[in-house]
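Number 97 in the working numbering belongs to position 95 of the sequence shown; there are no gaps in the numbering.
Every residue gets a Cβ at the ideal spot worked out from N, C-alpha and C, and that includes glycine.
Written below as structure tokens is the structure these notes are about.
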Amino acid sequence: MKKLLLIHNRYQNIGGEDIAVSQERDFLKKHYEIKEIIFDNSEIRTISQFFNFVFNSNIKSKRKVLKEIKEFNPDIAYVHNTWFTASLGIFKVLKSKNIKTILKLHNYRFYCTRSYLAKNHIENDFCMGCGLKRANMFVFNKYFKESYFKSFLVIRYGKKYFNIIKNFEGTVLSLTNFQENFLRNMGFTNNIKVIPNYLTAENDINNLSKSNNILYAGRISKEKGVEELINSFLDAKLININLDIIGDGPSYKYLVDRYGNFKNIKFLGPMSNKETLEFIAGCRAVVTATKLYEGQPTFLAEASLFGIPSIFPNTGGVSEFFPSDYPLMFEQFDYADLKNKLQLIENEKFVEQLGKLNKKYVDENFNEPQILKKFKDVI
3 MKKLLLIHNR YQNIGGEDIA VSQERDFLKK HYEIKEIIFD NSEIRTISQF
53 FNFVFNSNIK SKRKVLKEIK EFNPDIAYVH NTWFTASLGI FKVLKSKNIK
103 TILKLHNYRF YCTRSYLAKN HIENDFCMGC GLKRANMFVF NKYFKESYFK
153 SFLVIRYGKK YFNIIKNFEG TVLSLTNFQE NFLRNMGFTN NIKVIPNYLT
203 AENDINNLSK SNNILYAGRI SKEKGVEELI NSFLDAKLIN INLDIIGDGP
253 SYKYLVDRYG NFKNIKFLGP MSNKETLEFI AGCRAVVTAT KLYEGQPTFL
303 AEASLFGIPS IFPNTGGVSE FFPSDYPLMF EQFDYADLKN KLQLIENEKF
353 VEQLGKLNKK YVDENFNEPQ ILKKFKDVI
């Protein structure tokens, strides 16, 4: 049995990427011997931590990886997020020890943080990778709206990370064909393979009683299009159907203040993954109006596993997780089209049949044997 050293840096707020990594870890444990190194971004409290942050090379992180290489003797290193405690220095450690390395890209930060100049980040008016607008920038690529300094540091990281990916000697994994083509169009010629995240449904979900509610779950922010979703829902004038919103984010208070008094809209706040899955399993449909390119739509894929249909924009590689000619996919930024798709879910028979088709599609195209075969081919 081959040995895999899995490396991941958790985000401050647990999100879809962290969940995907943990689910894939549990899946791979059935077939490989796994040793996991998990980093997290605690507050910078010492001078040494500060310099680690500035120079993208954390001595403690490198020592930790070296220690595990010595004790575990892995055949392969499988790297996910490295921002920022894991640091980019771990790639030099893995290369120096001749460890075959696989790098998985879960998002488009590699694109958004590759330059100090805003013009090299946002070519038109709006970045589909992160949601930043050209109108909010002048010359400097201010990735973090609240901080020039933090933006400077993430771009230092991003420029080095971009070069690491472009010159990577191992295998780069993308989640979708769209993401692979995105990399190719940027001039990447190295070994890129498409392997989506492993999909699995919880077996102990309690709330399986169906409701008439539509569900949004995720970050509450402008780039996720939550306000546009709310207005399209109100314009649709659906009968006896409510909109439930799970999550938190910078737009949460504004949206609650503006729309919280509507009887058919409920803001439920942040919930655990299991609690969210219980709402997904019991809802009529799930919906997103994201303005971004998305990697793998965990929220929508989970709905399909429960036989729940999804309403979503035609963006990035999202459509790759659904049958062709999918009737509830709308043109991105066309909110009249979104309103029309919302109105379709009033037809209960249509909703039931489409949910079954979605489940059949993910069961046939993203099952364990298929994902395992792709992973084995890479190894």
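- If you look at residue 80, you'll find it isn't in any alpha helix (DSSP H); it sits in the beta strand (DSSP E) that goes 78-81.
- The beta carbon of residue 93 sits closer than 7 Å to those of 166, all from its chain and outside the five residues before and after it, given in chain order.
- Comparing alpha-carbon positions, the option among 137, 325, 356 lying closest to residue 367 turns out to be 325.
- Bridge partners of residue 10 according to DSSP: 40.
- About 17 Å separates the beta carbon of residue 13 from that of residue 131, a gap too long to meet the 8 Å contact definition.
- According to the DSSP assignment, residue 237 belongs to the alpha helix (DSSP H) that extends over 228-238.
- Exposure of residue 191 is indicated by the presence of fewer than 16 other C-beta atoms within 10 angstroms of its C-beta.
- DSSP, reduced to helix, strand and coil, places residue 141 outside both helices and strands of the structure shown, so it counts as coil.
- Beta-bridge annotation (DSSP): residue 246 is paired with 217, 268.
- In the structure shown, the three-state DSSP call for residue 287 is strand.
- Residue 282 and residue 297 have their C-alpha atoms some 20 Å from each other.
- Looking at the DSSP output, residue 173 sits in a beta bridge with 104.
- For residue 109, the closest C-alpha among the options 180, 7, 262 is that of 180.
- For residue 358, the enclosing alpha helix (DSSP H) stretches over residues 350-367.
- For residue 167, the three-state secondary structure derived from DSSP is helix.
- Non-local beta-carbon contacts of residue 95 in its own chain, meaning distances under 7 Å to residues more than five positions away in sequence, involve 64, 67, 68 in chain order.
- In this structure residue 303 is buried. Its beta-carbon is surrounded by 16 or more other beta-carbon atoms within 10 angstroms.
- The C-alpha of residue 196 is placed about 26 Å away from the C-alpha of residue 310.
- The DSSP-derived three-state label of residue 24 is helix.
- Under the three-pair Cβ rule at 8 Å, the stretch 15-34 counts as touching the stretch 368-381.
- Collapsing the DSSP output to three states places residue 119 in a strand.
- Looking at the backbone, the Cα of residue 61 and that of residue 227 are separated by about 40 Å.
- Look at residue 280 here: in three-state DSSP terms it is helix.
- For residue 371, the secondary structure class from DSSP, reduced to helix, strand or coil, is helix.
- Residue 365 and residue 152 have their C-alpha atoms some 42 Å from each other.
- Spanning the alpha carbons of residue 240 and residue 269 requires a straight line of approximately 18 Å.
- For residue 4, the secondary structure class from DSSP, reduced to helix, strand or coil, is coil.
- Contact check for residue 198 against residue 223 fails: the beta carbons are separated by 7 Å or more.
- Secondary structure of residue 74 (DSSP, three-state): helix.
- Judged by beta-carbon spacing, residue 218 lies beyond the 7 Å limit of residue 320, meaning their Cβ atoms are not closer than that value.
- In the structure shown, residue 253 adopts coil according to DSSP, grouped into three states.
- With respect to residue 225, residue 133 sits close: the two C-beta atoms are nearer than 7 Å.
- Rounded to the nearest angstrom, the Cβ distance from residue 242 to residue 215 is 10 Å, too far for a contact under 8 Å.
- In the DSSP assignment, residue 184 falls within the unbroken alpha helix (DSSP H) covering 179-187.
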